[in-house]
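Novice: Residue numbering for the sequence shown follows numbering that gives the first Met the number 0, beginning at 0 and increasing consecutively.
Note that beta-carbon positions come from the ideal geometry of N, C-alpha and C, so glycine has one too.
Bear in mind the structure is a predicted one, so any value in this text is a computation, not a measurement.
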Amino acid sequence: MHLPDLEVAKKREKKANNYIKLEEHYDKVFLGKKYFLRTYGCQMNVHDSEAIRSYLEALGLEESKDASFADVIVLNTCAIRENAKDKVTGFLGKCNYLKKKNPNLKLVLAGCMAEQPDVIDEIMKNHKYIDIVIGTHNLHELPKLLMKEFNKQVIEVYSESDEVIEGMHYTRDSQYTAWVNIMYGCDKFCTYCIVPYTRGRERSRKLEDIIAEVNNLKEEGYKEVTLLGQNVNAYGKDIGETFSHLLECVAKTNIARVRFVTSHPWNFTDEMIDVIAKYKNIMPYIHLPIQSGSNEILKRMNRRYTREEYWALFTKMKERIPNVAITTDIIVGFPNETEEDFEDTLDMVNKCAFDGAYTFIYSKREGTPAARMEDNTPMSVKEERLQRLNNLVNHYANVNNQKLLNKTVEVLILGVSEKDNTKVYGYTDTMKLVNVVGPKDIIGKIVKVQITDAKSFSLDGEYVK
Ligand code: SAH
Ligand code: SF4
Ligand code: F3S
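#1: With DSSP as the reference, label K464 as helix, strand or coil.
#2: Starting from W310, trace the alpha helix (DSSP H) both ways and give me its first and last residue.
#3: Exposed or buried, which one is K14 when buried takes at least 16 other CB atoms within 10 Å?
#4: Using the Cβ count rule (16 or more neighbours within 10 Å means buried), how would you classify K431?
#5: What did DSSP end up calling E62 once you bin it into helix, strand or coil?
#6: Specify, as a first and last residue, the run of the beta strand (DSSP E) that Q449 falls within.
#7: For Q290, which beta-bridge partners are listed by DSSP?
#8: Quick check on the DSSP output: what are the complete beta strand (DSSP E) runs of length 3 or more inside the segment 62 to 128, in order along the chain?
#9: Helix, strand or coil for Y183? Go by DSSP, reduced to three states.
#10: Enumerated in chain order, which unbroken segments of the beta strand (DSSP E) with a length of 3 residues or greater are wholly contained in the segment 230 to 255?
#11: Could you tell me whether any non-hydrogen atom of the ligand F3S is closer than 8 Å to the CB of Y39?
#12: Given the structure, does A83 come close to the ligand F3S, in the sense that its CB is under 8 Å from one of the ligand's heavy atoms?
#13: Note the first and the last residue of the continuous beta strand (DSSP E) segment covering K279.
#14: So, helix, strand or coil for N389, using DSSP?
#15: Under 8 Å: do the segment 181 to 189 and the segment 228 to 244 share three or more Cβ pairs, one atom per stretch?
#16: According to DSSP, is D428 helix, strand or coil?
#17: CB S291 to CB D237, shorter than 9 Å?
#18: Using C-beta distances below 6 Å, list every residue in its chain close to N474, excluding the 5 sequence neighbours before and after it, in chain order.
#19: Assign A311 to buried or exposed, taking buried as 16 or more other Cβ atoms, counted over all protein chains shown, within 10 Å of its Cβ.
#20: Are the Cβ atoms of L413 and Y221 separated by less than 9 Å?
#21: Going straight from the alpha carbon of M300 to that of A369, what length do you get?
#22: Roughly how far, in whole angstroms, is the beta-carbon of D208 from the beta-carbon of E49, given that I think they are within contact range, below 8 Å?
#23: State yes or no: is the C-beta of T88 nearer than 8 Å to some heavy atom of the ligand F3S?
#24: Please return the same chain residues whose Cβ sits closer than 8 Å to the Cβ of H46, not counting the five positions on each side in sequence.
#25: Could you compute how far the alpha carbon of Y304 sits from the alpha carbon of I329?
#26: Using DSSP bridges, identify the partner residues of G414.
#27: Note down the Cα distance separating E417 from I79, rounded to an integer number of angstroms.
#28: Thinking just about the alpha-carbon of each residue, which of D452, K454 and D459 is nearest to the one in V435?
#29: On the DSSP letters alone, give me the boundaries of the beta strand (DSSP E) that L227 sits inside.
#30: Can you check which of these residues, M347, Y426 and K317, is closest to R256 by C-alpha distance?
#31: Report whether the distance from the Cβ of R171 to the nearest heavy atom of the ligand F3S is below 8 Å.
#32: For the alpha helix (DSSP H) that I210 lies in, which residues bound it at each end?
#33: Counting C-beta neighbours from all protein chains within 10 Å, is the total for E22 16 or more, i.e. buried, or is it exposed?
#34: With which residues is I51 paired in a DSSP beta bridge?
#35: Going by C-alpha to C-alpha distance, which of N393, Q42 and K127 sits closest to F353?
#36: At which residues does the beta strand (DSSP E) containing R37 begin and terminate?
This is the structure we're talking about:
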């Protein structure tokens, strides 16, 4: 195995730092002003928002948790389902009202919706008061665009190219667990999905840049990194690398916990399974979206695997990775899904007994191949299927959680529990949420916890000294 060239990475990192430090020239034109940032969508967007926050703060803005006090509002949008769009348009109405009260308020629409030209045309027609629309590819240009809006001299420090941008800074949500992009975009073109259109083609970051970022995070005290990509298995195809090699190199940094999301069942290699099984600091947790249990539907979804292939992969993972937890995503009501198709999905849920699942009713996305497929299944039938599916999914989540009752497990404690501020909360290696009776000074540490109660969506436990 070859290790990444850290010297080269360090040089690149240095160059990147110089380039970001030019922010000092921004003159803090927004000093004393406030921003409000709202994020919709997946982990990609959550992590992009950490970059947006860093840019806004570099301009001198401070965060406000209340949009009414903001001078800049950024909506980082999602386009995955129709209701994601509805939420944004709902909030835009409120922004219009705020702009009338404060004409200097700048309104920025970022994220995946900004990558849909037709949708944006329509939104701009109805919401003329939006100042800046910025897509997912050119996020790094946000400071420049904001400066322009404020009619200040613009200093050209950011590249406008379509390449992978290095040297991004993040104001991270957590001090202990961090997202690390390993690649951008998606080439899978599942027929229902908008992501390949909003995030563009697959492009990988260089291995040494990723390792340098993980090493920095470790030095800063981070306990956990989650490697991010729409389909992490595809990492490296464009640069002659592989995901299994990357994973091994990340594990060798000796950061306490390594996670990754999302993996596609297609092309999940034996090497990947072996690496996950071999390294103790790679967490035994895999999110493996199945989407449907019907071969006919999987084919029409362009998922590139059959239910039999999914099952073979699933059992291999369970056999080779000790105590692995596997969760999934499922879509019900794909165009013309029959009761029989749906029962095939229930059957796979019964076989796999997933640790958890995110379930969705199919949502038609204009421009995708599935949008042109005939669909005669009434919404009431789809809703009823979703209900049946959720009942089954929750049942297995509970069954799996019950197995942990009275066991002692390792938990990375992340903060004070939201529901009960006398408790702290964290996640097991298998990504299960635990509310813990224990002192506040264990926050940021990996500690032993005895599980005292188990429900479908969370566990309760007590800190064991
Ligand atoms: N790249 C990830 C998924 C990203 S989107 C993967 O392939 O696993 C997250 C989930 O949203 C998908 O797994 C799918 O279950 C769901 N989803 C995507 N498009 C959808 C649509 N048009 N309607 C309903 N659910 C959808
Ligand atoms: Fe969408 Fe499929 Fe790509 Fe996932 S793998 S982002 S579902 S196209
Ligand atoms: Fe939504 Fe874009 Fe993620 S469409 S789910 S925010 S990649």
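Specialist: Reading it off the structure:
#1: coil
#2: If you look at W310, you'll find it in the alpha helix (DSSP H) that goes R306 to R319.
#3: Because the pLDDT at K14 is just 43, under 50, the model does not fix this residue reliably, and the point stays unresolved.
#4: buried
#5: Residue state, collapsed to three classes: strand.
#6: I445 to A453
#7: I329
#8: 71 to 76 and 105 to 110
#9: strand
#10: none
#11: yes
#12: yes
#13: Unbroken run through K279: none, as it is neither H nor E.
#14: helix
#15: yes
#16: Look at D428 here: in three-state DSSP terms it is coil, with no helix or strand label.
#17: no
#18: Lying before the first or after the last residue shown, residue 474 is absent from the chain, which here runs from 0 to 464.
#19: exposed
#20: no
#21: The straight-line gap from Cα to Cα measures roughly 8 Å.
#22: That belief does not hold up - the Cβ atoms of D208 and E49 are roughly 17 Å apart, past 8 Å.
#23: Answer for T88: no, Cβ out of range of the ligand F3S.
#24: Y169, W178, N180 and L227
#25: When rounded, the distance between both Cα atoms is 15 Å.
#26: Y424
#27: 28 Å
#28: D459
#29: E223 to L227
#30: Of the residues M347, Y426 and K317, the one whose Cα lies closest to the Cα of R256 is Y426.
#31: Taking 8 Å as the cut-off, one finds no heavy atom of the ligand F3S near enough to the beta carbon of R171.
#32: Residues L206 to E218.
#33: For E22, the predicted structure reports a pLDDT of 48, less than 50, and the residue's modelled location is therefore unreliable. A value from the coordinates is still provided. The residue in question, E22, is buried, as its Cβ has 16 or more Cβ neighbours within 10 Å.
#34: I51 pairs with nothing; no bridge assigned.
#35: For F353, the nearest C-alpha among the options comes from N393.
#36: K33 to T38
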